[in-house]
Amino acid sequence: MSSAASPNPSSPSSSAVQAEATISAVGIGKIYRRDVSLWQWLVRGLGGEEGEESYDAANSVAAVRDVSFSVQKGEAFGIIGRNGAGKSTLLQILAGTLRPSKGTCHVRGRVTALLELGSGFNPEFTGRENVYLAGSILGITHTEMDRKFAEIARFADIGTFIEQPVKTYSTGMLMRVAFAVAISVEPDVLIIDEALSVGDILFQQKCSRRMKELLDRGITLLVVTHDTSFVLSMCQRALWLDQGRVRYLGEAGACVREYVAAMAAISGNATAPTDDFKELSVVPLPAAPGLSLEGKERLGDGGVAVERAWLLHADGNAGSAFRVGDWALAVVMIRAKRLARDVSAGCELRNRHGQVMFATGLRVARRLIAEIPAGQICVVAIRFRLELQPGQYT
10 MSSAASPNPS
20 SPSSSAVQAE
30 ATISAVGIGK
40 IYRRDVSLWQ
50 WLVRGLGGEE
60 GEESYDAANS
70 VAAVRDVSFS
80 VQKGEAFGII
90 GRNGAGKSTL
100 LQILAGTLRP
110 SKGTCHVRGR
120 VTALLELGSG
130 FNPEFTGREN
140 VYLAGSILGI
150 THTEMDRKFA
160 EIARFADIGT
170 FIEQPVKTYS
180 TGMLMRVAFA
190 VAISVEPDVL
200 IIDEALSVGD
210 ILFQQKCSRR
220 MKELLDRGIT
230 LLVVTHDTSF
240 VLSMCQRALW
250 LDQGRVRYLG
260 EAGACVREYV
270 AAMAAISGNA
280 TAPTDDFKEL
290 SVVPLPAAPG
300 LSLEGKERLG
310 DGGVAVERAW
320 LLHADGNAGS
330 AFRVGDWALA
340 VVMIRAKRLA
350 RDVSAGCELR
360 NRHGQVMFAT
370 GLRVARRLIA
380 EIPAGQICVV
390 AIRFRLELQP
400 GQYT
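Following the working numbering, the numbering of the sequence shown begins with 10 at its first residue and continues without gaps.
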């Protein structure tokens, strides 16, 4: 559900970036100039100072513009956005592989980054040799890697290929080894740039479980991804980058909703709100028992809340067991705590690993509720067919 309260996408001031944050970025900008001289390239290559670069639209491209945020210890933070939004550039700056044109950033603790798949791996070396090479780059001694290698090989699970040259690996095998090394060195901060997207579903689930274990131990996770379901299930907060600027910064669920709605509008699936709340028909509530909402997680800013919900068979009877191909009816009663506009209601089906397998609702149907006055109630009924594999779902 979305409410009338508009998001606050503005970047926090430097005073808002807490000193104790594991990751802090203040006013980060990155400008690529088209007219860089040979001398400037030489200065850059030697690590010299060039001074702050100015933005000239005719001769420059601003990949990142005035981005500020902070991530606390033990927090999972997602960065989403379209291709070319500046996500990877921002991560490279945070990982220390790219210098910003302006602004400051600080990352505290041991950092492991999976930025470009296979970066740092020598294609002529075997998997085993690359594991030790990656460990040495991260400051792990040969003796320590001896102790860790068996667990790395077991997690990567590529069998005898661990003794073969990396140039013979598929992208999925390469990702398995890279991720296994990254999590084995017990980092304080783990930075991932879309690397997990190339793995098979079983390994992705395995990685998700391990990342949750690491978060429970207090590591900080920063991930760039196009997988909004990953952000919803793993991250507490998220940042939406649009053309290098912060479009939204806040709670992960709210960030994903704003992003998905904007992408739907861009693709031509603009929503068509109802004309008037008063014209909505009055419907009776289901007679069957409703779902228990006690202790359930609530997202958003509280402007609209779910008060009651039902999951019904097509004949109106409640049930928790359905046959493949059955029609199901989800009924949600929502109340506006304050004036709310363009309200959507919907549902998701998740598998036992928490991955979204199916989702639908008013926004998908391009039929939002235009306005709900404060204190008023709406009932939304969503009918859908359960065309899923047999199993347990929530």
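Glycine included, every Cβ here is placed at the ideal spot set by N, Cα and C. Values in this document were obtained by computation on a predicted structure and should not be read as measured data.
Between valine 73 and glycine 259, the C-beta spacing is not below 9 Å. Under DSSP, alanine 71 shares a beta bridge with Ile40.
Your pair glycine 87 and threonine 234 checks out as a contact, with CB atoms roughly 7 Å apart and the cut at 8 Å. Fewer than three beta-carbon pairs drawn from the segment 173-193 and the segment 94-105 are found closer than 8 Å, and the two stretches are therefore not classed as touching. Contact check for alanine 354 against isoleucine 378 passes: the beta carbons are separated by less than 9 Å.
Counting the other CB atoms within 10 Å of its CB gives tryptophan 319 a total of 16 or more, which places it among the buried residues. A distance below 6 Å between beta-carbons, with the five flanking residues on each side excluded, links methionine 243 to the following residues of its chain, in chain order: Ala85. For arginine 156, the uninterrupted alpha helix (DSSP H) run begins and ends at 151-165, by DSSP. Using a Cβ distance threshold of 9 Å, valine 265 and threonine 237 count as a contacting pair. Residue environment: tyrosine 268 is assigned as buried (16 or more neighbouring CB atoms within 10 Å of its CB, all protein chains considered).
Under the DSSP definition of a beta bridge, methionine 342 partners with Arg317, Val388. Every unbroken stretch of the alpha helix (DSSP H) spanning 4 or more residues and falling wholly within the segment 88-121 is given here in chain order: 96-104. In this model, isoleucine 210 and alanine 165 are separated by some 14 Å (Cα to Cα).
Just measuring C-alpha positions, the residue of Leu250, Arg246, Phe188 sitting nearest methionine 220 is Phe188. Secondary-structure assignment with DSSP links threonine 369 through a beta bridge to Cys356. Contact annotation: proline 399 and alanine 345 have beta-carbon atoms that are not nearer than 9 Å. The closest CA to that of proline 196, considering only Arg119, Glu172, Gly129, Phe134, is found on Arg119. Ranked by Cα distance from valine 341, the options Leu241, Leu294, Met366 are led by Leu294. The beta carbon of glycine 227 sits closer than 7 Å to the beta carbons of Lys82, Gly83 from its chain, once the five residues preceding and following it are set aside; these are given in chain order. Residue Ala191 holds the alpha-carbon nearest to the alpha-carbon of isoleucine 149 among Thr113, Gln173, Ala191. Between the alpha carbons of leucine 371 and tryptophan 249 lies a distance of about 23 Å.
By alpha-carbon distance to isoleucine 201, the top candidate from Glu172, Phe212, Leu231, Lys176 is Leu231. By the C-beta density criterion, alanine 71 is buried, having at least 16 other C-beta atoms within 10 angstroms. Phenylalanine 367 places its beta carbon 9 Å or farther from that of leucine 321. With 16 or more other CB atoms across the displayed protein chains lying within 10 angstroms of its CB, arginine 185 is buried. Within the model, the alpha-carbon separation for glycine 93 versus valine 35 is close to 21 Å.
Within its own chain, the residues whose Cβ lies closer than 7 Å to the Cβ of valine 240, once the five positions on either side in sequence are excluded, are Gly87, Ile89, Thr234, Ala247, Ala261, Val265, listed in chain order. For phenylalanine 86, DSSP records a beta bridge to Leu231, Arg246. Taking a 10 Å sphere around the C-beta of lysine 96, we find 16 or more other C-beta atoms and assign the residue as buried. Judged by DSSP secondary structure, arginine 137 falls within the alpha helix (DSSP H) whose first and last residues are 136-146. Cβ neighbours of isoleucine 146 within its own chain (closer than 8 Å, five residues either side excluded): Gly129.
Of the residues Arg347, Arg307, Arg394, the one whose Cα lies closest to the Cα of isoleucine 386 is Arg347.
Going by beta carbons, valine 365 and arginine 359 fall inside the 9 Å limit. Apart from sequence neighbours up to five positions away, the residues of its chain that approach glycine 144 with a beta-carbon distance below 6 Å are Met154, ordered along the chain. About 6 Å separates the Cβ atoms of isoleucine 161 and valine 140, confirming a contact at the 8 Å cut-off. By the criterion of a C-beta distance shorter than 7 Å, arginine 392 is surrounded in its chain by Trp336, Leu338, once the five residues flanking it on both sides are discounted.
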